[in-house]
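Residue numbers (our numbering): 1170 to 1446. C-beta: ideal position from N, C-alpha, C; glycine also.
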Ligand code: KIV
């Protein structure tokens, strides 16, 4: 490496890199983050993409579903993550109600996230969102699709339910999901998240598409994987079969805080070393 040049591994990840990773068969690692502190840490760990997900509604705001997330909140979280200046590509999630009304609404919402610091946007839906995806990409805003278990479809699905288990062309049917994937790619998406589907279906979709597939609860056959940071760190209230907990940060937080409380109560904190004279 020539002095002064940054290592290729530290170069900013851009949207064209996703196609290159796909060509090279290099698996893509994506994780969520919602603030500058965690964006800095996950970036230091080498993730390729940071998803500022509307899962902020559940893991940050304590909601039961992602449906209450709104655009102003997502702009705020994208701004917080962007201030960390991560090497990873920043993907801003379009919240429910910010893109379904019309292509014009979807374009305006996407512009708001891009102006906040996102480098691509993500939206949920397949065939029914194809024209919206095409409209946003015509404005030179890269779009990542999201099919399968789409959490914003909570009420239609009757909960967060695995999709694509049955054959059929109705929403959530296996044949429909194959068509959804094709429609998202044809509309110009640069990648697609596949959530909560049987692993053989995710593998079949991955083999049929040329754009990368990013799986969550979709098995090992995808081009990359995404998880919610709070599940990975053991900060979530629930445990999910599809999510791996890599650390127990909740216990560290509780233990450290308990020690602080004990020291305040028994007068051990603050000591003179941490006091001014
Ligand atoms: O909002 C989110 O975190 C997501 C992931 C689950 C893919 O959409």
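Simplified DSSP assignment, three categories, for residue i
i            : result
residue 1198 : strand
residue 1254 : coil
residue 1426 : helix
residue 1416 : coil
residue 1382 : strand
residue 1291 : strand
residue 1173 : Here the model assigns residue 1173 a pLDDT of 42, short of 50, so the residue's position is not dependable, and the following value carries that caveat. Here residue 1173 sits in coil by DSSP.
residue 1317 : strand
residue 1188 : helix
residue 1274 : helix
residue 1135 : The requested residue 1135 is not part of the displayed model; the chain covers only 1170 to 1446.
residue 1433 : helix
residue 1259 : strand
Distance between beta carbons of residue j and residue i, contact taken as under 8 angstroms
i            : j            : result
residue 1354 : residue 1319 : In fact, because the Cβ distance is near 17 angstroms, the residues do not count as touching under 8 angstroms.
residue 1360 : residue 1381 : 5 angstroms
residue 1259 : residue 1221 : 7 angstroms
residue 1200 : residue 1216 : 5 angstroms
residue 1182 : residue 1218 : 7 angstroms
residue 1263 : residue 1284 : That belief does not hold up - the Cβ atoms of residue 1263 and residue 1284 are roughly 14 angstroms apart, past 8 angstroms.
residue 1397 : residue 1412 : 7 angstroms
residue 1370 : residue 1314 : At roughly 15 angstroms, the Cβ-Cβ gap does not stay under 8 angstroms, so residue 1370 and residue 1314 are not in contact.
residue 1293 : residue 1335 : 20 angstroms between Cβ atoms; not a contact.
residue 1458 : residue 1238 : Since the first residue shown for the chain is 1170 and the last is 1446, residue 1458 is missing from the structure and cannot be characterised.
residue 1366 : residue 1387 : 5 angstroms
residue 1279 : residue 1240 : Actually they do not touch by this definition, with Cβ atoms about 10 angstroms apart.
beta-carbon residue i near the ligand KIV non-hydrogen atom, thresh 7 angstroms
i            : result
residue 1297 : no
residue 1184 : no
residue 1217 : no
residue 1234 : no
residue 1224 : yes
residue 1187 : no
residue 1370 : no
residue 1385 : yes
residue 1262 : yes
residue 1220 : yes
residue 1364 : yes
residue 1382 : no
residue 1315 : yes
residue 1201 : yes
residue 1397 : yes
Residue-chain proximity (residue i, chain C), Cβ-Cβ < 8 angstroms
i            : result
residue 1357 : In the displayed structure, chain C is absent; only one protein chain is listed.
Cβ contact check for the region 1344-1353 and the region 1368-1388: 3 or more pairs under 8 angstroms: yes
Every unbroken alpha helix (DSSP H) inside the region 1206-1248 [4 residues or more]: 1225-1228
At least 3 beta-carbon pairs within less than 8 angstroms: the region 1194-1214 vs the region 1246-1261: yes
Inter-stretch contact (C-beta, 8 angstroms, three-pair minimum) for the region 1388-1398 and the region 1185-1196: yes
contact_flag[the region 1334-1345, the region 1299-1310] where n(CB pairs < 8 angstroms) is 3 or more: no
Segment contact, 8 angstroms Cβ cut-off, at least three pairs: the region 1273-1293 with the region 1325-1337: no
Ordered list of beta strand (DSSP E) runs contained in the region 1345-1372, each at least 3 residues: 1360-1364
Entirely enclosed alpha helix (DSSP H) segments - the region 1321-1346, minimum 4 residues: 1323-1326
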